[in-house]
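Notes to accompany the following structure.
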Amino acid sequence: MELESSSSSFSKPKSQWTYDVFINFRGEDTRRSFVCHLNCALSKAGVKTFLDEENLHKGMKLDELMTAIEGSQIAIVVFSKSYTESTWCLRELEKVIECNETYGQSVLPVFYNIDPSVVRHRDEKHDFGKVLKIIQENIWKMRLSRWSRALSEASKFSGWDASKFRNDAELVEKIVEDVLTKIEYDVLPITKFPVGLKSRVQKVIGFIENQSTRACIIVIWGMGGSGKTTAAKAIYNEINCRFGHKSFIEDIREVYTHGPNSKGHVHLQEQLLSDVLNTKVKIHSIGMGTTMIENRLSGKRVLIVLDDVNEIRQLEDLCGNCEWFGQGSVIIITTRDAGVLNLFKVDYVYEMEEMDENESLELFCLHAFGEPNPKEDFNELARNVVAYCGGLLLALEVLGSYLRGRRIDEWESVLSKLKQIPNYQVQEKLRISFDGLRDPMEKDIFLYVCCFFIAKDKAYVTEILNGCGLHADIGIPVLIERSLIKIEKNNKLGMHPLLQQMGREIIRGSSIKEPGKRSRLWFHEDVLDVLIVGFVEEIIKNRGEKRDNIYVEEIELFYSNSNCSQ
């Protein structure tokens, strides 16, 4: 069965739904068989049900039952041969249709051991219709027209005909799967100000919608702080209602940094299986978890998001092979390191785009001023901060929030400081990629590029660094895969300004007060200071520590020439 999408939207907020599903049925026909199994399966799947069993609710007031119907997001109506014999069922059905028309409540009919046409036409040749004829002749005749209308409307909804399934178990499984796709789950929290997010998300969703029925792997790739996780959450929120089996696993890199024997690895497998299967799963080892994922999810149509992947084993532990999953499955991976995907067949790679100048200014101002445009006195300062951020979403959010409510002189002081010492919160996020480099040569290459080779020809830089024994012909591609450097026009090396500042800060931090002890120098002031100190030390070493006028004049002459050269 394909569930039809309702044309009406919910006017009732999610917080006001008391139950996920209200089950309306005739107890004598299905109480101990089909409905019992259905209710149990829904409950195991985490669906909160209200089971209308009239024998259990005889003490319940009618208005309480009506309130339960109003508070249910979905109503499952189980039509059976003696359904119309219960005025209780008919009154509830009337309320269900009213709620559908008022609140957009979903109505899902099940035709159990009765042909759908019998319900639609209510022919008196069948008991289903004969009972209505009897009703017409008793005290309920005033409500007959409304009940007949409710029966007619309910039978028009897309539902399930039990005769089309091999057994009740198969029917129950299908109902649970379809119900899960219709329940309005709470969405994942994303950014407060989603500037530019929609256009980026739509590029990925557009690819998904144009895919065939086969499973596909999508990668969202970009440097730290570029908004990969935010984009993945927005995509998940947009499409998760189309999947009965889904899971969003966040901060995978963080869990795996605790070591290969960490229980966190197994916990992620448990989370994935529990989410997708809608039941609590316990795993005792990584190997057991991988086998369970392959076997238990085999053939199921799933939506799985794996956030912040940085090692191939993480993918092997959590999704192994795309062929494990059913047709139409979507696996979304966010990563800083495209290299971890080399062993996987990836269908689409979306590289996170830097925010353009207008988007950057709007996002920054929303955080700094609470409105999309800068205040008049802060216009130039705001644009200077935006230029410093270079379109990096994290930097715009962090600095905008930090500067909110501060005076102009404080803004000026912050800008001046940023030119020398970067914001710690931003740098901490960016440094994760650098610290993740396991080869010291790759770290050296990155630091050399930071200091000396931005906008230099890739082949030229490779030749120089190879001459230093750094194997740059291998190292540079690794840095590109890890979003630490990029290739600009004409094969020139490029790097985000904040990454460059981060690299230089790593060097500066190794010896803050004594530049001469740093591994690299790029500021001419530092170079001159080191040369001067070295020159003075050399004079003292060669001529002794006696400082007569000749030595002093020689030192002063060196200082004078150094200042002129600036």
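If you use this note's numbering, the sequence shown corresponds to residues 1000 to 1565, in order.
All C-beta atoms in this analysis are idealised placements derived from N, C-alpha and C, irrespective of residue type, glycine included.
(1) In terms of residue numbering, what span does the alpha helix (DSSP H) encompassing SER1085 cover?
(2) As a quick exercise: from VAL1477, PRO1476, VAL1448, pick the residue whose alpha carbon is nearest that of ILE1463.
(3) Measure the alpha-carbon distance for VAL1304 versus TYR1387 and round it to whole angstroms.
(4) Answer yes or no: does any C-beta atom of chain C fall closer than 9 Å to that of HIS1036?
(5) Roughly how many angstroms separate the alpha carbons of ARG1031 and PHE1024, rounded to a whole number?
(6) Do LYS1047 and TYR1018 have their beta-carbon atoms positioned less than 9 Å apart in this structure?
(7) Where in the region 1383 to 1434 do unbroken runs of the alpha helix (DSSP H), each at least 4 residues long, occur, reported from the N-terminal end onward?
(8) Looking at LYS1155: is its Cβ nearer than 9 Å to the Cβ of GLN1072?
(9) What residue range is occupied by the uninterrupted alpha helix (DSSP H) comprising ALA1153?
(10) If I measure Cβ to Cβ from PHE1324 and keep anything under 7 Å in the same chain, skipping five residues before and after, which residues do I get?
(11) So, for ALA1381: in the same chain, excluding its five sequence neighbours on each side, which residues have a beta-carbon less than 6 Å away from its beta-carbon?
(12) Output the boundary residues of the alpha helix (DSSP H) element that contains CYS1364.
(13) Straight-line CA distance for ILE1069 to ILE1407?
(14) My assumption, with CB atoms under 8 Å, is that TRP1159 sits in contact with VAL1118. Please give the rounded CB distance.
(15) Just how far apart, CA to CA, sit ALA1337 and HIS1283?
(16) Smallest Cα separation from LEU1317: which of GLU1172, HIS1366, GLU1269?
(17) In terms of residues, what are the limits of the alpha helix (DSSP H) holding HIS1120?
(18) Under 9 Å between the Cβ atoms of ARG1199 and ALA1230?
(19) Quick test of your reading: MET1440 and LEU1469, contact by CB under 8 Å. State the CB separation rounded to the nearest angstrom.
(20) By Cβ distance, which residues of its chain are closer than 6 Å to LEU1360, with the 5 residues on each side in sequence left out?
(21) Spell out the partners DSSP gives CYS1215 in its beta bridges.
(22) Less than 9 Å separating the beta-carbons of ALA1074 and SER1105?
(23) Skipping 5 residues on each side, what residues in its chain have a beta carbon closer than 7 Å to that of GLN1424?
(24) Please give the ranges of any beta strand (DSSP E) in the region 1227 to 1260, keeping only runs that are unbroken, at least 3 residues long and fully inside the region.
(25) Taking all protein chains shown into account, decide if ARG1165 is buried (16 or more other Cβ within 10 angstroms of its Cβ) or exposed.
(26) Looking only at its chain, what residues have a beta carbon closer than 6 Å to the beta carbon of GLU1353, apart from the 5 residues adjacent to it on each side?
(27) Which value, in whole angstroms, describes the spacing of the CA atoms of ILE1311 and ARG1481?
(28) Is DSSP giving PRO1108 helix, strand or coil here?
(29) Could you check if HIS1523 is buried or exposed, using at least 16 other CB atoms within 10 Å of its CB as the buried criterion?
(30) Leaving out the 5 sequence neighbours to the left and right, which residues in its chain are closer than 7 Å to LEU1267 when beta-carbon positions are compared?
(31) Is the beta carbon of VAL1308 less than 9 Å from the beta carbon of ILE1285?
(32) Please report the straight-line C-alpha distance between VAL1076 and LYS1094, rounded to a whole angstrom.
(33) Looking at the structure shown, is TRP1016 part of a helix, part of a strand, or coil, going by DSSP?
(34) Thinking just about the alpha-carbon of each residue, which of THR1289, SER1246, ASP1438 is nearest to the one in ASP1306?
(35) Cutting at 6 Å between CB atoms, please list the residues of its own chain near GLY1399, excluding the five before and the five after it.
(36) So what's GLY1493 in DSSP terms, helix, strand or just coil?
Per the coordinate set shown:
(1) On the sequence shown, position 86 is the one that residue 1085 refers to. First-last for SER1085: undefined, no H or E at that position.
(2) As a working mapping, residue 1463 is identified with position 464 in the sequence shown. The residue with the shortest Cα to Cα distance from ILE1463 is VAL1448.
(3) On the sequence shown, position 305 is the one that residue 1304 refers to. On the sequence shown, position 388 is the one that residue 1387 refers to. One C-alpha to the other measures close to 32 Å.
(4) Of the chains in the structure shown, none is chain C; there is only one protein chain.
(5) In the sequence shown, counting from the first residue as 1, residue 1031 sits at position 32. In the sequence shown, counting from the first residue as 1, residue 1024 sits at position 25. Going by the C-alpha atoms only, they are around 12 Å apart.
(6) If you number the sequence shown from 1, residue 1018 lands on position 19. If you number the sequence shown from 1, residue 1047 lands on position 48. Going by C-beta atoms, TYR1018 is nearer than 9 Å to LYS1047.
(7) 1392 to 1402, 1407 to 1417, 1423 to 1434
(8) Looking up residue 1155 in the sequence shown gives position 156. Looking up residue 1072 in the sequence shown gives position 73. Between LYS1155 and GLN1072, the gap from beta carbon to beta carbon reaches 9 Å or more.
(9) On the sequence shown, position 154 is the one that residue 1153 refers to. Looking at the DSSP string, the run of the alpha helix (DSSP H) that includes ALA1153 is 1143 to 1155.
(10) Residue 1324 sits at position 325 when you count from the first residue of the sequence shown. Excluding sequence neighbours, PHE1324 sits near ALA1214, LEU1296, LYS1299, VAL1301.
(11) Stepping through the sequence shown from its first residue, residue 1381 is reached at position 382. The answer, listed in chain order, is PRO1373.
(12) Translated into positions along the sequence shown, residue 1364 becomes position 365. Per DSSP, CYS1364 belongs to the alpha helix (DSSP H) from 1356 to 1367.
(13) One-based indexing of the sequence shown puts residue 1069 at position 70. One-based indexing of the sequence shown puts residue 1407 at position 408. According to the sequence as given, residue 1069 is Glu; it is not Ile. Their backbone Cα atoms lie some 55 Å apart in a straight line.
(14) For the purposes of this step, residue 1159 is identified with residue 160 of the sequence shown, where counting begins at 1. For the purposes of this step, residue 1118 is identified with residue 119 of the sequence shown, where counting begins at 1. Their Cβ separation, rounded to whole angstroms, is 13 Å, which puts TRP1159 and VAL1118 out of contact at 8 Å.
(15) Against the sequence shown, residue 1337 aligns to sequence position 338. Against the sequence shown, residue 1283 aligns to sequence position 284. Taking the straight line joining both Cα atoms gives about 31 Å.
(16) Position 318 of the sequence shown, counted from the start, is the residue given in the question as residue 1317. With distances taken between Cα atoms, LEU1317 lies closest to GLU1269.
(17) For the purposes of this step, residue 1120 is identified with residue 121 of the sequence shown, where counting begins at 1. Segment 1115 to 1120, the alpha helix (DSSP H) holding HIS1120.
(18) Counting from one through the sequence shown, the residue named residue 1199 turns up at place 200. Counting from one through the sequence shown, the residue named residue 1230 turns up at place 231. Their beta carbons are under 9 Å apart, which means ARG1199 touches ALA1230 by this criterion.
(19) Residue 1440 sits at position 441 when you count from the first residue of the sequence shown. Residue 1469 sits at position 470 when you count from the first residue of the sequence shown. Indeed they touch by this definition, with Cβ atoms about 5 Å apart.
(20) Indexing the sequence shown from 1 puts residue 1360 at position 361. Closer than 6 Å at the Cβ level, and outside the excluded window around LEU1360, lie VAL1385.
(21) Taking the sequence shown and counting its residues from 1, the one referred to as residue 1215 is at position 216. Bridge partners of CYS1215: VAL1329.
(22) As a first step, residue 1074 is located in the sequence shown; it is residue number 75 there, counting from the start. As a first step, residue 1105 is located in the sequence shown; it is residue number 106 there, counting from the start. Contact: yes.
(23) Counting from 1 along the sequence shown, the entry for residue 1424 is found at position 425. Around GLN1424: VAL1397.
(24) 1244 to 1248
(25) In the sequence shown, residue 1165 corresponds to position 166, counting from 1. It counts as exposed.
(26) The sequence position of residue 1353 within the sequence shown is 354, counting from 1. Contacts found: GLY1390.
(27) Here residue 1311 refers to the residue found at position 312 of the sequence shown. Here residue 1481 refers to the residue found at position 482 of the sequence shown. Straight across, the Cα-Cα distance linking ILE1311 with ARG1481 is about 13 Å.
(28) In the sequence shown, counting from the first residue as 1, residue 1108 sits at position 109. The answer is strand: DSSP assigns PRO1108 an E or B state.
(29) On the sequence shown, residue 1523 is found 524 positions in, with the first residue counted as 1. Classification of HIS1523: exposed, given that the 10 Å Cβ count is below 16.
(30) Walking along the sequence shown from the start, residue 1267 turns up at place 268. Closer than 7 Å at Cβ, skipping near neighbours: ILE1248, ILE1251, VAL1254, LEU1317.
(31) Here residue 1308 corresponds to residue number 309 of the sequence shown, with the count starting at 1. Here residue 1285 corresponds to residue number 286 of the sequence shown, with the count starting at 1. Not a contact, by the Cβ cut-off of 9 Å.
(32) Counting from one through the sequence shown, the residue named residue 1076 turns up at place 77. Counting from one through the sequence shown, the residue named residue 1094 turns up at place 95. Each residue's alpha carbon lies about 12 Å from the other.
(33) Taking the first residue of the sequence shown as position 1, residue 1016 is located at position 17. In the three-state scheme derived from DSSP, where H, G and I count as helix and E and B as strand, TRP1016 is classed as coil.
(34) Position 307 of the sequence shown, counted from the first residue, corresponds to residue 1306. Selected option, being the one with the closest Cα: SER1246.
(35) Taking the first residue of the sequence shown as 1, we reach residue 1399 at position 400. For GLY1399, where only same-chain residues beyond five positions count, the Cβ hits under 6 Å are PHE1363, HIS1366, ALA1367.
(36) Numbered from 1 along the sequence shown, position 494 holds the residue referred to as residue 1493. Strand, per DSSP.
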